[in-house]
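Per this note's numbering, residue 79 is the first one in the sequence shown, and the count goes up by one each step.
Cβ coordinates follow ideal geometry from the N, Cα and C atoms, glycine included.
Data block below; observations after.
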Amino acid sequence: MNVCIVGTGYVGLVAAACYAEMGNHVTCVDVNPDVIETLSSGKIHIFEPGLEDLVQRNLAGKRLTFTTNIAEGMADSLYVFNCVGTPPKDDGSCDLSYVYGVAADIGRHMNAYKIIVNKSTVPVGTADEVKAIIRRELAVRSVTVDFDVVSNPEFLKEGDAVNDFMKPDRVILGTDNAKAAALLADLYAPFARSRDKLIIMGTRSAEMTKYAANCMLATKISFINEMANICESVGADIKDVRTGIGSDHRIGYHFIYPGVGYGGSCFPKDVNALIKTSFASNYHPELLTAVDRVNTRQKQMLSHKIKKYFGTHGGVAGKTLAVWGLSFKANTDDIRDSAAIVLINDLTAEGMRIRAYDPAAGDNAGKLLSDNGLVEIVDNQYDALAGADALAVVTDWNQFRNPNFNFIRSSLSAPVIFDGRNLYSISQMTSLGFTYFCVGRAPVV
C-alpha cells in the first residue's frame, strides 16, 4: 500500500517507519528541507529508542522516502496522514493552523480518491473543518474528487513509541464510512494479528477519546501526587498507600507513581485544550481544572523543599545544587513542561547555582537555559556532584536508580539528596548517613 505521512515529529516519523516496516511504501513530507536532508541520510532529528534503526532499515529497503513536496508525496498514495504539530496557544487552546494548512494543501493537489487521516491530537470537530477546507479548495479548482476524512488518534508514549505503534492496545477509527473503515482495517491488519484491535466510532467520539485518555492518565498522576502530599501532612507513607490501593484491580498500579508532576508535549497541552473546549461549549470542567492546578503546584514541590531546607542553612543564594535529569521523563530528550526546568528557573531566580546532567536532554536544556549564567550542563552524572551542596533527582532514568552512593557522599559538600521520584529506599538512605527528602514519605534527617 502507498502511504503519505505529512509531518516528521514524534507521531509522523514513528508512524512512517512502522508502516514501512510492515511492507508499505511510505513517503514522508515535511516543509523543513534540513529535516528532510537529515532523514534521507538515515539520521533522525528526535530522540526515540529504536526509531533510527527502523528508519535506516526501511530507507535501505526503499520502502521509506522523504520529500518537501506534498504533491509528490500524495501522488500515488491512497492514505494521507496529517501528523503535524498542534502546539498550545497562550490561552491554552490548540493551535490548528498547521493542521488546516495541510488540509488546504491536500485540496489543492488531490486528483483521485484519498483517505485523509487526522492523526494529530485535535479538538472535537476538527475533522468536520478539515473536510470543509478540502472541499473549498477543490471548489476553487472547479474539480470534484471523492475523499473521506477519518480520525485516527495516536496513543504513543515518548520513549516507547515504536513498541506502542507496533503492538497497539487499540486502533481507534472515527468514521461513518464503511469503505474508509475497511481500507484502513487492511492497513492496520499486520498490527493486530493476535486479536481484533479496531474500534470504529464517529469522528467526534474518536477525537474526544484521545483527549479523554490523556486526561484520565493525567488525573491519576495528579491524584497520587495529592495523596502523597496528604501523606506527608498526616504522617502516612505513600509507598504503602500506593501498594494498598493499586492491589485493587479497579485501580491498578499504572500511572500512580508519586513524583514531580506530569510534563511533555501531551498531557499539559491536552488537559488545557479540553478545558478550553469545554468552556467554549459552556461547560465548566471542574475536575480537569483541579488536575491542572494540582500538577502546577506539584512541579514546585521539590524547589519548596530545597528552599525550606536551606532556609536553616543560610539560604539557597550562593549554594550549588547538582541536578540529575532534565527531560520530563526518562527515555526522551523532551524538556517541554519539564519539572526540572521549573525547578532550575525557580532556584536560580533566588541565586542558587545549578550543575545538571541528563543522558539525552542536556543539549536541549543547554539551549533553553543558555542565557542563565547560573546553570552548567555537564556530560557525566558524577561530574555534577563535585562540591555541590545537595543532589536533586528529578527524572527517573535507569542509571540513576542504583548509583555509587559512596561517591555521591564523598563528592557533595554535605550528604543531602532531594529525590523527586522516590528512587531510593528510606532504610538505605538512613544506613548510608544521607539527609534524604522524597515525595509522600517521612524524610531522613
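Considering only residues of the same chain and omitting the five flanking positions on each side of residue i, which have a CB-CB separation below 7 Å?
{"i": "aspartate 424", "result": "Gln378, Ser381"}
{"i": "glycine 149", "result": "The sequence shown places alanine at residue 149, not glycine. Contacts found: His187."}
{"i": "leucine 463", "result": "Ala400, Leu469, Ile486, Ser489, Leu490"}
{"i": "glycine 280", "result": "Gly252, Asp254"}
{"i": "aspartate 415", "result": "Gly341, Gly342, Pro346, Phe406"}
Would you report the Cα separation of residue i and residue j, rounded to the nearest angstrom?
{"i": "isoleucine 504", "j": "glycine 444", "result": "33 Å"}
{"i": "proline 166", "j": "asparagine 350", "result": "8 Å"}
{"i": "valine 200", "j": "leucine 174", "result": "7 Å"}
{"i": "isoleucine 122", "j": "leucine 129", "result": "8 Å"}
{"i": "methionine 286", "j": "serine 118", "result": "35 Å"}
{"i": "arginine 248", "j": "lysine 383", "result": "41 Å"}
{"i": "asparagine 500", "j": "cysteine 516", "result": "6 Å"}
{"i": "threonine 253", "j": "alanine 260", "result": "11 Å"}
{"i": "asparagine 147", "j": "valine 107", "result": "7 Å"}
{"i": "serine 229", "j": "methionine 244", "result": "19 Å"}
{"i": "tyrosine 387", "j": "serine 509", "result": "21 Å"}
{"i": "glutamate 126", "j": "valine 92", "result": "9 Å"}
{"i": "lysine 397", "j": "asparagine 482", "result": "23 Å"}
{"i": "aspartate 169", "j": "glycine 313", "result": "39 Å"}
{"i": "alanine 492", "j": "arginine 282", "result": "56 Å"}
{"i": "alanine 205", "j": "isoleucine 194", "result": "9 Å"}
{"i": "valine 530", "j": "tyrosine 176", "result": "Outside the modelled stretch of the chain, which goes from 79 to 523, sits residue 530, for which no answer is possible."}
{"i": "alanine 358", "j": "cysteine 172", "result": "12 Å"}
{"i": "glycine 526", "j": "leucine 295", "result": "The requested residue 526 is not part of the displayed model; the chain covers only 79 to 523."}
{"i": "isoleucine 114", "j": "methionine 305", "result": "46 Å"}
{"i": "glycine 163", "j": "isoleucine 124", "result": "14 Å"}
If I'm right that residue i touches residue j with Cβ under 8 Å, what's the distance once you round it to whole angstroms?
{"i": "asparagine 189", "j": "valine 223", "result": "6 Å"}
{"i": "leucine 469", "j": "aspartate 436", "result": "Rounded, the Cβ-Cβ distance is 14 Å, inconsistent with contact."}
{"i": "leucine 265", "j": "methionine 79", "result": "6 Å"}
{"i": "valine 88", "j": "alanine 239", "result": "Looking at the sequence shown, residue 88 is not valine but tyrosine. Contact holds; Cβ gap of about 6 Å."}
{"i": "isoleucine 302", "j": "tyrosine 331", "result": "With a Cβ gap of about 10 Å, isoleucine 302 and tyrosine 331 do not count as contacting."}
{"i": "alanine 418", "j": "valine 394", "result": "That belief does not hold up - the Cβ atoms of alanine 418 and valine 394 are roughly 16 Å apart, past 8 Å."}
{"i": "lysine 407", "j": "glycine 342", "result": "7 Å"}
{"i": "isoleucine 316", "j": "glycine 518", "result": "3 Å"}
Exposed or buried, residue i, counting other C-beta atoms within 10 Å across all chains shown (16 or more means buried)?
{"i": "glutamate 364", "result": "exposed"}
{"i": "glycine 451", "result": "exposed"}
{"i": "lysine 288", "result": "buried"}
{"i": "aspartate 348", "result": "buried"}
{"i": "phenylalanine 485", "result": "exposed"}
{"i": "arginine 433", "result": "buried"}
{"i": "aspartate 337", "result": "Checking the displayed sequence, the identity of residue 337 turns out to be glycine instead of aspartate. When all chains shown are included, glycine 337 counts as buried."}
{"i": "methionine 152", "result": "buried"}
{"i": "serine 220", "result": "exposed"}
{"i": "aspartate 474", "result": "buried"}
{"i": "proline 111", "result": "exposed"}
{"i": "methionine 430", "result": "buried"}
{"i": "serine 198", "result": "buried"}
{"i": "glutamate 232", "result": "buried"}
{"i": "alanine 267", "result": "exposed"}
{"i": "valine 523", "result": "exposed"}
{"i": "alanine 256", "result": "exposed"}
Quick check on residue i: does DSSP put it in helix, strand or coil?
{"i": "proline 201", "result": "coil"}
{"i": "lysine 354", "result": "helix"}
{"i": "tyrosine 157", "result": "strand"}
{"i": "proline 166", "result": "strand"}
{"i": "alanine 468", "result": "strand"}
{"i": "tyrosine 340", "result": "coil"}
{"i": "phenylalanine 515", "result": "strand"}
{"i": "glutamate 454", "result": "strand"}
{"i": "isoleucine 122", "result": "coil"}
{"i": "lysine 579", "result": "Residue 579 is absent from the structure shown; the chain starts at 79 and stops at 523."}
{"i": "valine 195", "result": "strand"}
{"i": "leucine 252", "result": "Note on identity: in this sequence residue 252 is glycine, with leucine being the wrong assignment. If DSSP states are grouped into helix, strand and coil, glycine 252 belongs with the strands."}
{"i": "phenylalanine 70", "result": "In the structure displayed, the chain extends from 79 to 523; residue 70 sits before or after that span and is not available."}
{"i": "threonine 105", "result": "strand"}
{"i": "methionine 430", "result": "coil"}
{"i": "asparagine 476", "result": "helix"}
{"i": "aspartate 497", "result": "strand"}
Tell me which same chain residues have a C-beta within less than 6 Å of the C-beta of residue i, skipping the five on either side of it?
{"i": "serine 300", "result": "Val369, Val372, Asn373"}
{"i": "threonine 297", "result": "Val369"}
{"i": "glutamine 447", "result": "Inspection of the sequence shows that residue 447 is occupied by leucine rather than by glutamine. Correct list, in chain order: Val453."}
{"i": "arginine 320", "result": "Ile334"}
{"i": "asparagine 292", "result": "Cys344, Phe345, Asp348"}
{"i": "cysteine 82", "result": "Thr105, Gly151, Met152, Ser155, Val158"}
{"i": "asparagine 442", "result": "Asp411, Ile413"}
{"i": "glycine 90", "result": "Ile83, Cys161"}
{"i": "glycine 525", "result": "Only positions 79 to 523 of the chain appear in this structure, which leaves residue 525 out of reach."}
Going by beta carbon distance, what residues of the same chain come within less than 8 Å of residue i, once the five residues before and after it are set aside?
{"i": "threonine 367", "result": "Ile353"}
{"i": "alanine 210", "result": "none"}
{"i": "glutamate 428", "result": "Lys385, Gly393, Val394, Ala395"}
{"i": "lysine 235", "result": "Asp242"}
{"i": "glutamine 134", "result": "Gly120"}
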